[in-house]
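K.L.:
Residue numbers (the numbering used here), protein chains in the order written: chain U, 2 to 270; chain Y, 2 to 270; chain P, 2 to 270; chain S, 2 to 270.
1. Count the other C-beta atoms from every protein chain shown that fall within 10 angstroms of the C-beta of residue 147(U), then say buried if there are 16 or more, exposed otherwise.
2. Since I believe residue 70(S) is in contact with residue 80(S) (beta carbons under 8 Å), could you give me their beta-carbon distance rounded to a whole number of angstroms?
3. Suppose contacts are defined by Cβ-Cβ distances below 8 Å. Is residue 255(U) in contact with residue 5(U) by that definition?
4. Determine which residues share a DSSP beta bridge with residue 160(Y) and list them.
5. Quick check on residue 257(U) - is its C-beta less than 8 Å from some C-beta in chain Y?
6. In the stretch 158-184 of chain S, which residues sit with their C-beta less than 7 Å from some C-beta in chain Y, listed in chain order?
7. Step through the CB atoms of chain U and report whether any lies within less than 8 Å of the CB of residue 128(S).
8. Is there at least one Cβ from chain Y nearer than 8 Å to residue 71(U)'s Cβ?
9. Tell me, please, whether the CB atom of residue 250(S) is closer than 8 Å to any CB atom in chain P?
10. Where are the alpha helix (DSSP H) runs, 4 residues long or more, that stay fully inside the stretch 46-93 of chain U, in chain order?
11. Using a beta-carbon distance below 8 Å, is residue 244(Y) in contact with chain A?
12. Under 8 Å, do residue 214(U) and residue 258(U) count as touching if we go by C-beta distance?
13. With distances taken from CA atoms, which of 247(P), 227(P) and 125(P) is nearest residue 204(P)?
14. Closest to residue 93(Y) by CA distance: which of 19(Y), 22(Y) and 120(Y) is it?
15. Would you mind telling me which residues of chain Y sit closer than 7 Å to residue 211(U), beta carbon to beta carbon, in chain order?
16. Give me the Cα-Cα distance between residue 238(S) and residue 57(S), rounded to the nearest whole angstrom.
17. Starting from residue 42(Y), trace the beta strand (DSSP E) both ways and give me its first and last residue.
18. Using a Cβ distance threshold of 8 Å, determine whether the stretch 218-235 of chain S contacts the stretch 43-60 of chain S, with at least three qualifying pairs required.
19. Taking all protein chains shown into account, do 16 or more other C-beta atoms lie within 10 angstroms of the C-beta of residue 201(P), making it buried, or fewer, making it exposed?
20. Spatial neighbours of residue 61(S) within its chain, please: CB distance less than 8 Å, with the 5 preceding and 5 following residues excluded, ordered by chain position.
21. Kindly indicate which residue of 85(Y), 153(Y) and 115(Y) has the alpha-carbon position closest to the one of residue 133(Y).
22. For the alpha helix (DSSP H) holding residue 135(Y), just list the boundary residues, first then last.
23. Taking only the alpha-carbon atoms, compute the straight-line gap between residue 86(Y) and residue 22(Y) and give it to the nearest angstrom.
24. Starting from the beta carbon of residue 140(P), find every residue of chain Y whose beta carbon is closer than 7 Å, and list them in chain order.
25. What residues in its chain sit with their C-beta under 7 Å from that of residue 50(P), if we drop five residues either side in the sequence?
26. Any beta carbon from chain P within less than 8 Å of residue 207(S)'s own beta carbon?
27. What do you get for residue 1(S), buried or exposed, if any count of 16 or more other CB atoms within 10 angstroms of its CB means buried?
28. Taking residue 178(P) as the reference, which of 138(P), 38(P), 166(P) and 206(P) has the closest Cα?
29. Apart from the five residues on each side of it in sequence, which residues of its chain come closer than 7 Å, Cβ to Cβ, to residue 172(U)?
30. Roughly how many angstroms lie between the CA atoms of residue 243(P) and residue 180(S), to the nearest whole one?
31. Are residue 128(Y) and residue 128(P) closer than 8 Å when you measure CB to CB?
32. Within 10 angstroms of the Cβ of residue 118(S), are there 16 or more other Cβ atoms? Answer buried if so, exposed if not.
33. Does any residue of chain S bring its CB to less than 8 Å from the CB of residue 261(P)?
34. Is any beta-carbon of chain P found at less than 8 Å from that of residue 13(Y)?
35. Spell out the partners DSSP gives residue 19(S) in its beta bridges.
Written as structure tokens, this is what we have:
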């Protein structure tokens, strides 16, 4: 019955200054809205559509920036890993390790992440049914880490399109872990622009409203002060100037959802 | 900015007594909740999975029962037609003529329905993209009838499964007609039980919440005092005993959705 | 173990002269290839994307043309019906009555068609699983007509796209009826051009080869001397000039498929 | 215009003896059929549905077995890698490095594989459109390795189901690389048995026939002397006793496909 938490930040860590400024702004919004906010950014985009796309500033440089974000803003941090060996390296500056959707079935990566003792946010693969996330979560729990979250980010629906099946949210909640709705990547159009992925920013609000009304523990929303000039995921990031209004609206829906008999338990009882 | 209207009733007209009793109960619920409610029932189920399934009490007998429902409860009525020639026969006792999803591309049926001057609720075919409903609505409007509604009831997603794409709601709203969300048939599992369709009643609440939070003009929910013994659509009808609680909850989400800048205009602006 | 039959002709009956000329050319090709060919054309396109699209020359005019085609070429005829009442009217000039995919669940239409005693070719709905065609075929057989065929024409795959699941062919063959592969509508892009459906003619050969190698009783291929200027289905019709080469190639694959233990029985044994 | 090559072997390397015996049998079949055959087996199943499933005998032990297979049978070898660092370790005993479908977008892995100089077989992700494989192949070619192959293994189609879109084969051939059809994993039912993936062995023949008739450079078929007791992919492996008959049949279809104007160039010309 807690308020939704928000996972937010720019898709890529572009520079120390950009990361710190964005984190500071998000911290202020979180304070005004009285919500928990986890700062998300990627130090490396290892699965870009094209090999020549920008991949981020790299792991080493990013480590001290993550630490600085934690110290100056007090925000917990989240980033995604693509190689098992990276888990140990980043664990001291990261509060939540995220497993990318394409990698949600890679046992070694899941266990390496679990072994850090950090919370783990696993994106559900675009190819995976919601009920099959129980095996994924079991790999993490089985390694002795009880803090796994399941994150919906869209399911393959024909070519170059994803669809968000809202039934998946209560189904994943039945696994017994918090469920996050990723409103940013759910509106992605994978590969839809030839050498990069497209997106439909205008549907972030639509899908986030729907998910919050159904009932979730958190919402993932990437944001950037100038999405159209961001190095990745521009088409589906929300402008930072609209972020607070969007989240405030979601909190109103969340208050109703949470005031009922716990939705996720109720609907499948 | 009006409250959602509710289209509700038992899938099939089983008998005069059953129809009148259910209508009376729904009328009382509508009064308590202060909402507009349209009484829906089918006089003929012309597209059952199996030829030996019960099809309803037939058109002729049903005509006077529809009229009696209107007179005794004051509720407007809705039913679905499968043959062009039926439109004229039923028009005097029916306020909203519904076009079944499989038939949403049958030009003659659309125009025959339009020519009655009644409001028309067209179910979007399971095979149709939301943006392609503009051609369907244009067939009705082009016949001189401005009162068409577009109704989402799920899209084919693999075999024997439907998925509800919440993005379709604002896309159809852009056509300029009211958008209805059919929470009953969206949880259908077409053909999923061999010689009849299955359903997942437990997700009616989930999908209806999501749709109302996104923003719709109405919600379609079939209900029955004993769904497990109903002659059709039992697996996806809501028990009449839970109907009022469900709708009351939806009204809370609706109040927020409607208090914002009109959602459907906003998100695609 | 018979050779595949071919169902072919222009999508619409455009004029008496056009129909007769095309039929004559197809008759000559059928003779050269020593195959059974059924002449297909529609007298009315009742489910066009847009209400202003051309619908054909109408039922009455077409009746005597169908008869003339039968008399002058000896080819059997096939056409599709959209209203139950039409079945009786056309039955004397039509050898195979075709049920459109959108209408494959309309019990009254199936039974009216069955009652004519003609062979019935039912297109599998884009929303239907192959195993669910058994209920459709049972409606026809149950009305006393043993001559039903099941026709694959693509399954909904995301929006505006169909996919041909080759597993569906042997699954439908298990029902015990001949299976036809419609290579023309399987490459349709429904609604994909705004107010009309698109198509990918270049894949007719690809999908027809695949289906014939799997093993089918017949292939449905619409053809026209100038597809790009045809009134409907232009994007997915094969130019008449390439038709014979295409069918000749299919016959080579068919000979191998049929020389093996009957494929359709074997694979699911 | 060459005959199809066959990639075959048991899903997992179970033991030295089992690997050598199977390789020897496949070598004899390849000699009898006069085809090129590449021996495929996995030393580690890193993405099993469940964490407790058997993963194989490990990389180190397997290295010398791969070498022994090459020496005793003369067959080239193929295995899949899940971590960039493994590419260099295995490259001396492996002729074709395979990139798993889930990992086809992992740039570092693709480049590490490319840098070995070995041929690379990339499985198309279940979430990827065929035209988007051009970016994947470009990552390998861009790293200086021209020997990349694109492998179709099914596309997500609803939950727990894959569909094989035969149009994808010529689309991928247009990239300019050989196209392989994986008939084994295309009939997988991902996650379909709760804690393991199901499969439909009976459709291997169906889909392989279809793909070969369309036109491909090779076919991938896992085989095992006792699939029902194999440690992984049992439900979709072909019994070794039926393997030769199956491939012989495919060669007949291939001869026709290759005797025509090259299919893959022709159909999209």
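The beta-carbon is built from N, C-alpha and C at its ideal position, and this holds for glycine as well.
P.N.:
In short, the structure shows the following:
1. exposed
2. Incorrect: roughly 11 Å between the Cβ atoms, too far for contact.
3. yes
4. Its beta-bridge partners do not exist; DSSP assigns none.
5. Judged by the 8 Å Cβ criterion, residue 257(U) is in contact with chain Y.
6. 158, 159, 160 and 162
7. yes
8. Cβ-Cβ to chain Y under 8 Å: no for residue 71(U).
9. yes
10. Residue ranges of uninterrupted alpha helix (DSSP H) with 4 or more members, entirely inside the stretch 46-93 of chain U and ordered along the chain, are 60-74 and 85-91.
11. In the displayed structure, chain A is absent; the protein chains listed are U, Y, P and S.
12. yes
13. Comparing Cα-Cα distances from residue 204(P) to each of 247(P), 227(P) and 125(P), the minimum goes to 247(P).
14. Ranking 19(Y), 22(Y) and 120(Y) by CA distance to the CA of residue 93(Y) puts 120(Y) first.
15. 167, 211, 214 and 215
16. If you draw a straight line from the Cα of residue 238(S) to the Cα of residue 57(S), it comes to about 17 Å.
17. From DSSP, residue 42(Y) is part of no beta strand (DSSP E); its letter is neither H nor E.
18. yes
19. Within a 10 Å sphere around the beta-carbon of residue 201(P) sit 16 or more other beta-carbons, which makes this residue buried.
20. Taken in chain order, the list of residues that qualify is empty.
21. Of 85(Y), 153(Y) and 115(Y), the residue nearest in Cα terms is 153(Y).
22. Following the DSSP letters along the chain, one finds residue 135(Y) inside the alpha helix (DSSP H) bounded by residues 134-143.
23. Residue 86(Y) and residue 22(Y): Cα-Cα distance of roughly 30 Å.
24. By Cβ distance, chain Y contributes 52.
25. 192, 196, 197 and 198
26. Yes, contact with chain P.
27. Lying outside 2 to 270, the shown extent of chain S, residue 1(S) is not represented and no answer is given.
28. Distance from the Cα of residue 178(P) is smallest, within the candidate group 138(P), 38(P), 166(P) and 206(P), for 138(P).
29. 131 and 132
30. 26 Å
31. yes
32. exposed
33. For residue 261(P), the closest Cβ of chain S is nearer than 8 Å.
34. no
35. Per DSSP, none; premise fails for residue 19(S).
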